[in-house]
Ligand SMILES: [Cu+2]
């Protein structure tokens, strides 16, 4: 039986968090029950009324979902931001998996206007597996505008919690030929579901029972390593799309990516799951514990620095349902350029909004050949399509389906998608500050105006 859905009200709001013992006013995307974000049952549509109570103009992007472009949540001229106090209705077919939503307006994402968007599928529902959703974020008591000004100001004098120390570190992922440059910003805290390791979320789970972690990297400018400690996990999906399971204890997650990891607790006790910042000892996390187990305090500082997030996992991934095997109709070269000084990031030498539009046609198999000429990695996100990773540094793979892929320093990643969603679509670096400094372009279907 198909029931008409009553639209869910999602409120873009402000809220107050306590971080490191201090109050901070941030944004949120809040469901009627007060929880962050939305969870949909199998077969439900994204029938939502977005109520903008944030006090600012905003627009919210349904990251990884495949709506009509006018509902995608990008501030095109045809789809302007929602004014403060206004509402906007949405209705589109959902695809199952771990997704998220975030503001695509200015730098609001840094102020935590981000939340999970979970769509259960019938099989995982039937398995009745315990699930936990964890949204990671980076946090600063400074405003994002202040952080951006520190990055773009011409001098190099920067405060300790604002700017990077400038040194960078050697890439350890085997992809780089020169020093990699990590972490544009030194944040005041890193959050897992709004909490630090001083007061982490504790999830109670039974011994031996499978537990599905849906981990979302909602950070604006931070790549993490997920460290399961003594637990061993299996990655079963990335960016909401099922992969042939990959086992391990440490997995990289770039900005905007998601990892679905199944773990089991081997015995009574408390098991921390850390998210450690690449190039740093700083970490956040949460705790899995059996009923009644004592949960000790876990340090927010790891014993050693984490290496650069790399493509070590990517090379092992393959989609459960890959794209059909067919030749490409068009290949779009995409050169990732730019530098820290001046702080400007480009695609094919152009800086948004002065970008060169790539025009494609419905029905084409499109390749994008991304070549990174910079000393930083860039998590590249394409709106409106799931793409498959086809080659890493010219080595072909039958990779994962994704919506965001990391292109390492001086690395090269080839992706493919089928042009089946006519519209205007953004392709951009998901480092918020790189995007704001120009690393964005448009892929437009011929005939769309
Ligand atoms: Cu970037």
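Numbering (my numbering), first residue to last: 1 to 449.
Every residue, glycine too, gets a C-beta built ideally from N, C-alpha and C.
Just so we're clear, the structure is a prediction, and the values are computed from it rather than from any experiment.
Nearest candidate by alpha-carbon position, reference residue i, set the options
| i | options | result |
| --- | --- | --- |
| residue 365 | 339, 124 and 328 | 328 |
| residue 105 | 432, 442, 88 and 439 | 432 |
| residue 196 | 183, 285 and 123 | 285 |
| residue 55 | 442, 182 and 84 | 84 |
| residue 92 | 49, 123 and 125 | 49 |
| residue 64 | 441, 143, 442 and 425 | 425 |
| residue 213 | 378, 360 and 192 | 192 |
| residue 361 | 386, 305 and 418 | 418 |
| residue 287 | 225, 202, 303 and 434 | 202 |
| residue 23 | 403, 62 and 194 | 194 |
| residue 403 | 66, 35 and 52 | 66 |
| residue 411 | 398, 392 and 386 | 392 |
| residue 398 | 369, 315, 379 and 386 | 315 |
| residue 416 | 369, 439, 445 and 207 | 369 |
| residue 323 | 386, 270 and 143 | 386 |
Alpha-carbon spacing of residue i relative to residue j, whole angstroms
| i | j | result |
| --- | --- | --- |
| residue 356 | residue 130 | 46 angstroms |
| residue 7 | residue 231 | 40 angstroms |
| residue 354 | residue 260 | 37 angstroms |
| residue 217 | residue 32 | 24 angstroms |
| residue 75 | residue 60 | 9 angstroms |
| residue 363 | residue 331 | 14 angstroms |
| residue 336 | residue 346 | 6 angstroms |
| residue 120 | residue 99 | 11 angstroms |
| residue 325 | residue 388 | 11 angstroms |
| residue 157 | residue 82 | Its pLDDT being 43, under 50, residue 157 is placed unreliably by the model, and the measurement read from it follows with that caveat. For residue 157 and residue 82, the distance between alpha carbons rounds to 37 angstroms. |
| residue 140 | residue 447 | 43 angstroms |
| residue 374 | residue 340 | 10 angstroms |
| residue 292 | residue 250 | 27 angstroms |
| residue 15 | residue 116 | 17 angstroms |
| residue 205 | residue 267 | 11 angstroms |
| residue 344 | residue 420 | 32 angstroms |
| residue 123 | residue 342 | 50 angstroms |
| residue 109 | residue 371 | 27 angstroms |
| residue 256 | residue 275 | 14 angstroms |
| residue 20 | residue 263 | 30 angstroms |
| residue 384 | residue 367 | 15 angstroms |
| residue 317 | residue 400 | 5 angstroms |
| residue 9 | residue 42 | 19 angstroms |
| residue 442 | residue 348 | 12 angstroms |
| residue 165 | residue 225 | The pLDDT assigned to residue 165 is 36, lower than 50, so where the model puts this residue is not dependable; a value taken from the coordinates is nonetheless given after this. About 21 angstroms. |
| residue 382 | residue 423 | 13 angstroms |
| residue 103 | residue 114 | 7 angstroms |
| residue 282 | residue 306 | 9 angstroms |
| residue 351 | residue 438 | 4 angstroms |
| residue 294 | residue 125 | 31 angstroms |
Boundaries (first-last residue) of the alpha helix (DSSP H) holding residue i
| i | result |
| --- | --- |
| residue 144 | 144 to 152 |
| residue 380 | Not the alpha helix (DSSP H): residue 380 falls in the beta strand (DSSP E), residues 378 to 382. |
| residue 124 | 122 to 127 |
| residue 435 | 432 to 436 |
Supposed close pair residue i, residue j - CB separation, criterion 8 angstroms
| i | j | result |
| --- | --- | --- |
| residue 79 | residue 12 | About 16 angstroms; that fails the 8 angstroms criterion. |
| residue 390 | residue 414 | 5 angstroms |
| residue 95 | residue 39 | That belief does not hold up - the Cβ atoms of residue 95 and residue 39 are roughly 14 angstroms apart, past 8 angstroms. |
| residue 223 | residue 189 | Not a contact, Cβ separation roughly 16 angstroms. |
| residue 199 | residue 151 | Actually they are not in contact, since the Cβ atoms of residue 199 and residue 151 sit about 30 angstroms apart, beyond 8 angstroms. |
| residue 396 | residue 310 | So it is not a contact: roughly 19 angstroms between Cβ atoms. |
| residue 26 | residue 135 | Not confirmed; about 13 angstroms, so no contact. |
| residue 148 | residue 436 | 6 angstroms |
| residue 338 | residue 273 | The pair is not a contact, with the Cβ atoms about 34 angstroms apart (cut-off 8 angstroms). |
| residue 243 | residue 321 | In fact, because the Cβ distance is near 10 angstroms, the residues do not count as touching under 8 angstroms. |
| residue 132 | residue 211 | 7 angstroms |
| residue 5 | residue 70 | Incorrect: roughly 20 angstroms between the Cβ atoms, too far for contact. |
| residue 245 | residue 235 | 7 angstroms |
| residue 97 | residue 241 | 6 angstroms |
| residue 358 | residue 308 | Their Cβ separation, rounded to whole angstroms, is 29 angstroms, which puts residue 358 and residue 308 out of contact at 8 angstroms. |
| residue 138 | residue 221 | 6 angstroms |
Limits of the beta strand (DSSP E) - the one that residue i falls within
| i | result |
| --- | --- |
| residue 283 | 283 to 289 |
| residue 202 | 202 to 204 |
| residue 442 | 440 to 445 |
| residue 61 | 60 to 63 |
| residue 343 | Element bounds for residue 343: n/a, residue is neither H nor E. |
| residue 115 | 114 to 119 |
| residue 448 | Counting along the chain, residue 448 falls outside any beta strand (DSSP E), and DSSP gives it neither H nor E. |
| residue 184 | No beta strand (DSSP E) contains residue 184, which DSSP labels as neither H nor E. |
| residue 276 | 270 to 277 |
| residue 74 | Segment: none, residue 74 is in no beta strand (DSSP E) and carries neither H nor E. |
| residue 42 | No beta strand (DSSP E) holds residue 42; DSSP gives it neither H nor E. |
| residue 220 | First-last for residue 220: undefined, no H or E at that position. |
| residue 312 | Premise fails: residue 312 is in no beta strand (DSSP E) and is neither H nor E. |
is_contact[residue i, chain D] using C-beta, thresh 8 angstroms
| i | result |
| --- | --- |
| residue 37 | This model lacks chain D altogether; it includes just one protein chain. |
Next item on the list: Go through the residues and name those whose CB comes closer than 7 angstroms to any heavy atom of ligand 1, in chain order.
Entry: Here the list is 345, 376, 378, 379, 429, 431, 434 and 439.
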